[in-house]
Amino acid sequence: MTERERWGTRIGLVLAAAGNAVGIGNLLRFPSQAAQNGGGAFIIPYFLSLLFFGLPMMWVAWTIGRFGGQFGHTSTPGMFDKLWKAPISKYLGTIGVALPLLFCLYYTYIESWCLAYSFFSLTGDYVSTPERYVDLAVYYNEFLGGAPTHSYFPGLNAALVFTFVTVLLNIWVLYRGVAKGIELLAKIAMPLLILFCMILAVRVFTLADGGLKGTVWDGLNFIFTPDFSALTNWNVWMAAAGQIFFTLSIGFGSIECFASYLRENDDVTLAGLTTASTNEFVEVIFGSAIAIPAAAIYFGPGRIVEIASGGSYAIGLVSMPEILRNLPGLGLFGSIWFLLLFFAAFTSSVAVSQPVVAFLQDEGKLPKAAAAGLVGIFWLIGTLPVIYFYKYGVFTEMDFWAGTIGLVVFAAIEAIVFSWIFGMAKGWAEMHRGAQFQVPRLFFYIIRYVTPVALLAILFGWYYNAISTNALIPTPQVQWGVAERHRYHGEFVTRAPAPGSPEAGEVQRIQDQIAQAVEEARRDVTAWADVRLGPNGQVSVVGFEADPRLRPYFSSADLEQLLRLQQFHFEPVAGQPGGEIEITIPLEGLNREPYIYMIRVVMLMYLLTFLLLTRALWQRRRAGH
Amino acid sequence: MNPLAAMLLILSWGVIAVTTVWCFYRMLTEKKK
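Quick look at the structure:
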């Protein structure tokens, strides 16, 4: 047997583990999730999740990993097989291989946005010029493939190129191995990331007095004001628990994989606590001190929720470029900032995909190059639907199943196998062998009783909520935009009517009609309208064309009504002439159903592939090969 | 700033910062058993 891979240095392991945990989740997903789930309301379930699931599962994962590593297992199927002598255990462990790969399929896309924005910062692509006004929200949405317009990007070529480069870089590091690849990357990327976080946080905090729309304190107030009524909302609990798993990289099998390269008596308790606290340091301190305060300063505190609802990462990728393009030295600071954000994501995606490579390498006995290459093929193919069908919600669907629900399911299985089947007393002793830090005895009972029960309760609550609200049935989505957006120097503003008002009901009725047309046609339907906007908020549709299947349900009068009810108007930037303008509005009714079911089938196929692979490998082993 | 929010902010930032510094101190100074 060849010598197993090991970590080069102790500090290398700590930085790699921190690099694994610190990623986009900290700086982009955390503030977005907080904003979407009611700001301060989110913080309480978030911290409780950290205490009751995050920290306990961190220690459990490190312990299981080091334990499995003693038997030469570097991925969870083999580890579970050693923890529980039942045939099903290795199949349960297989979730810890399929899930990280599924996660990587869409996470790479976010990672590639950071790489792309770094390049765009360097070239100044999102800086407005007299000939080309850049609306960053539209720019972002078009780049991703989520908009009905093509003002800044003619298609998905840019997104595809940056994603392929990102996947190839990941595969290259995986091919180089643990010490020469992952550890070396973490040693370079992590200190630089922290340094640039500090520079940016200081910059945001010194921006408060510039006659802007809000202050740093508005942003911090938004995040930290607790709303106790949210504690009864299961969705907020699911989002908080999901964020804890996502950010700590728990329920992925990556911590287990990292810990498997430790020696028998190496510490795991202090290493686990250091990983979690470093992650929380970046997330709660830098995550709350940069993106949301920046959004509050530039867009005003009232618009935080609206900006966040544009997508999980909109705050980071719309407000950050907004600050950066208003500061001197965009090319330097902008590209370095996004490049470092990319590196944060890079260290995480490499770590999360390592269990898959390790599984093929150590259980499948494939050479490292073949294992990395095979993962690369799965990865590239699986990323394509995420890019091409982004606007149908494929990305969000994967984030929901793989990045939120899947992690909680796997963690619940892991908690039960560790504390109830392997045995808590045995597990506690295993955890403390060679420990540099004594975990408070209270956590013995938390891991044994609270963590598994709370995880199961959250899953049950989510299931009940999803079933009662039909949230799992994909519905058509309506979206519209302004064509040739770059020609209009200013903001197109819409104000959603107050929920429950007759106006809100009327907007809903018009949207439901479009949805009905989509459901009857069983495909996307589109409409184009020429709209004249007056200086005092007048709206008149002067030209209208619609898909024949849409026409019986949606007329030019409906569009005019829709725009008026949302107080749609144009606000030119200072120094630009006002007056009447004529714009073209493309509208799409998207038939999401086939794409959502397709990606659910794809996810199940990935899981099934790994289950069959596990079965075949164990059969081969039993046959004595 | 809302006093409750300020308290939550100081408490969470403080606890996390102190824990992180303590962890790295222990990790870098203590010899392996």
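Chains A and B supply the protein sequences, listed in that same order.
According to the numbering used here, the first sequence holds residues 1 to 625 in order.
According to the numbering used here, the second sequence holds residues 1001 to 1033 in order.
Just so it is clear, CB atoms sit at the ideal spot from N, CA and C, and this is done for glycine as well.
For V541 of chain A, the enclosing beta strand (DSSP E) starts and ends at 539-546. Taking 8 angstroms as the CB threshold, T1019 of chain B lines the interface with chain A. Shortest Cα-Cα distance from S229 of chain A to any of A:G38, A:W428, A:K368, A:L92 involves A:G38.
Between Q561 of chain A and I514 of chain A, the C-beta gap is not smaller than 8 angstroms, which leaves the two residues out of contact. Listed along chain B, the residues sitting closer than 8 angstroms to S277 of chain A by beta-carbon distance are I1016, T1019, T1020, C1023.
For A369 of chain A, the CB contacts under 7 angstroms within the same chain, skipping 5 residues up- and downstream, are Y175 in chain order. Within the segment 248-325 of chain A, the runs of alpha helix (DSSP H) at least 4 residues long that lie entirely inside it are, in chain order, 254-260, 269-280, 291-299, 304-308, 320-325. Inclusion of L115 of chain A and S335 of chain A in the CB contact set at 8 angstroms is not warranted, their separation being larger than that value. Distances from the alpha-carbon of E414 of chain A to those of A:F162, A:V453, A:L384 put A:V453 closest.
Here P293 of chain A is buried: its Cβ has 16 or more other Cβ atoms, across all protein chains shown, within 10 Å.
Contact between P154 of chain A and I446 of chain A fails: their C-beta atoms lie close to 54 angstroms from each other, not under 8 angstroms. In terms of beta-carbon proximity, F258 of chain A stays away from the interface with chain B, with every pair separated by 8 angstroms or more.
In the DSSP annotation of this structure, V453 of chain A is not part of any beta strand (DSSP E); the continuous alpha helix (DSSP H) holding it starts and ends at 451-468. Chain B places no beta carbon closer than 8 angstroms to that of P100 of chain A, leaving this residue out of the contacts. Around G406 of chain A, the same chain offers L99 as residues with beta carbons nearer than 6 angstroms, after the five sequence neighbours per side are excluded. Every alpha helix (DSSP H) stretch that sits fully inside the segment 354-411 of chain A and reaches 4 residues is listed by chain position as 368-388, 394-400. Scanning its chain for C-beta atoms nearer than 7 angstroms, with the 5 sequence neighbours on each side dropped, one finds around K391 of chain A the residues G145, G146, L590, in chain order. K213 of chain A and Y298 of chain A have their C-alpha atoms some 6 angstroms from each other. Here F568 of chain A carries a coil assignment [DSSP, helix/strand/coil]. Its Cα nearest to that of V204 of chain A, the residue A:A291 stands out among A:T275, A:A186, A:G575, A:A291.
Residue pairing from DSSP leaves G177 of chain A without any beta-bridge partner.
In the displayed model, A574 of chain A falls within coil according to three-state DSSP, outside both helix and strand.
Listed along the chain, the chain B residues whose CB falls inside 7 angstroms of the CB of P226 of chain A are L1004, L1008. DSSP links L590 of chain A through a beta bridge to A:Q477. The beta-carbon separation of F196 of chain A and L340 of chain A, rounded to 5 angstroms, stays under the 8 angstroms limit for a contact. Against chain B, a Cβ distance below 8 angstroms from F53 of chain A picks out nothing, because the smallest value is about 17 angstroms. Taking 8 angstroms as the CB threshold, G40 of chain A lines the interface with chain B.
Listed as beta-bridge partners of W528 of chain A by DSSP are A:E545, A:P586.
Contacts with chain B at 8 angstroms (Cβ-Cβ) do not include N235 of chain A. According to DSSP, E491 of chain A shares a beta bridge with A:E571.
The beta-carbon of V14 of chain A is placed less than 8 angstroms from the nearest beta-carbon of chain B. According to the DSSP assignment, A1006 of chain B belongs to the alpha helix (DSSP H) that extends over 1003-1029. Cβ contact annotation for T347 of chain A (same chain, cutoff 8 angstroms, sequence separation greater than five): A16, G19, N20, V22, G23, I182, L185, A186, A189, M190, in chain order. Residue state for L193 of chain A is assigned as helix, using DSSP reduced to three classes.
Against chain B, the CB of Q438 of chain A has no partner CB under 8 angstroms away; the residue lies outside that interface.
Within the segment 19-73 of chain A, no complete beta strand (DSSP E) segment of 3 residues or longer occurs.
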